[in-house]
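Report on one structure; see the data block that follows.
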Amino acid sequence: MGSGRTGEPMNPLTWPDGLSDATPMPYRVWRVMHHVDGSRPAGEVARLAHTTLADVQASVDEAHRWVGQAVRREQQVGDATARVVTQCLAAAVGPLASVMVDEVLDDLGQRATLSALLASLAAQLTQDRAQLFARQLRERGMA
5 MGSGRTGEPM NPLTWPDGLS DATPMPYRVW RVMHHVDGSR PAGEVARLAH TTLADVQASV
65 DEAHRWVGQA VRREQQVGDA TARVVTQCLA AAVGPLASVM VDEVLDDLGQ RATLSALLAS
125 LAAQLTQDRA QLFARQLRER GMA
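Taking my numbering, the leading residue of the sequence shown gets 5, the next gets one more, and so forth.
In structure tokens:
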């Protein structure tokens with residue numbers, strides 16, 4: 005579906021391109037997006053979701069961001085992405101980060117996705133270090 009906006013409450017809202025039932029998003033976003041069907045205007049979506057027009061707009065905007073993240077997670081890892089992941093990991097493990105990222109990328113091969121890279125790295129970390137790594141990734145828009 006297209007990407008209708010809530011700025012005009014009478015225009016029907018649509019899902020962002022690329023959004024599917026399988027896209028991982030917070031419940032609060034799905035609670036609103038569940039009512040977006042391509043025929044309901046923002047006011048009706050707000051009424052059905054028991055929320056405000058501003059919350060509907062925020063949910064649609066956040067759904068766009070989640071779709072973008074989902075697309076990025078499934079793309080192949082390039083040098084720039086590997087550098088950012090290494091920097092984020094370095095906050096959790098120090099200079100060992102570059103070795104860890106290189107080894108995982110070697111193991112995954114040329115078709116390494118961001119999702120596979122992050123999962124492999126996180127599996128090697130203690131819970132505390134994994135949380136720090138995840139926090140760094142979120143701050144840089146990677147997770």
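Quick reminder that beta carbons are idealized off the backbone N, C-alpha and C, glycines included.
On a predicted model such as this, the values are computed, not experimentally measured, just so you know.
Got a sec? Which residues, its chain only, sit under 7 angstroms from residue i by beta carbon, not counting five neighbours each side?
i, result
"R144", "V88, C92"
"Q128", "M104"
"A120", "L112"
Closer than 8 angstroms by C-beta to residue i: which residues in its own chain qualify, once you throw out the five before and the five after it? Chain order, please.
i, result
"L118", "R76, R77, E78, Q79, V81, T85, V89, M146"
"A138", "A126, A147"
Quick one: using the 10 Å Cβ neighbour count with 16 as the cut-off for buried, is residue i buried or exposed?
i, result
"L125", "buried"
"P28", "exposed"
"A116", "buried"
"L122", "buried"
"P30", "exposed"
"L23", "buried"
"Q131", "exposed"
"L100", "exposed"
By Cβ distance below 6 angstroms, which residues in the same chain neighbour residue i in space, the five residues on each side in sequence not counted?
i, result
"V36", "A53, V60, S63"
"Q73", "none"
"Q140", "C92, A95"
Q: Within the region 68 to 126, note down every full alpha helix (DSSP H) run reaching 4 residues or more, in order along the chain.
A: If we require 4 residues or more, the alpha helix (DSSP H) runs fully inside the region 68 to 126 come out as 83 to 97, 100 to 112.
(request) Could you tell me whether the region 62 to 72 touches the region 102 to 114, where touching means 3 or more Cβ pairs closer than 8 angstroms? (result) no
Across the region 30 to 48 and the region 72 to 88, are there enough close Cβ pairs to call them in contact, namely three or more that are closer than 8 angstroms? no
Can we say the region 43 to 59 touches the region 94 to 107, given the rule of at least three CB pairs closer than 8 angstroms?
-> no
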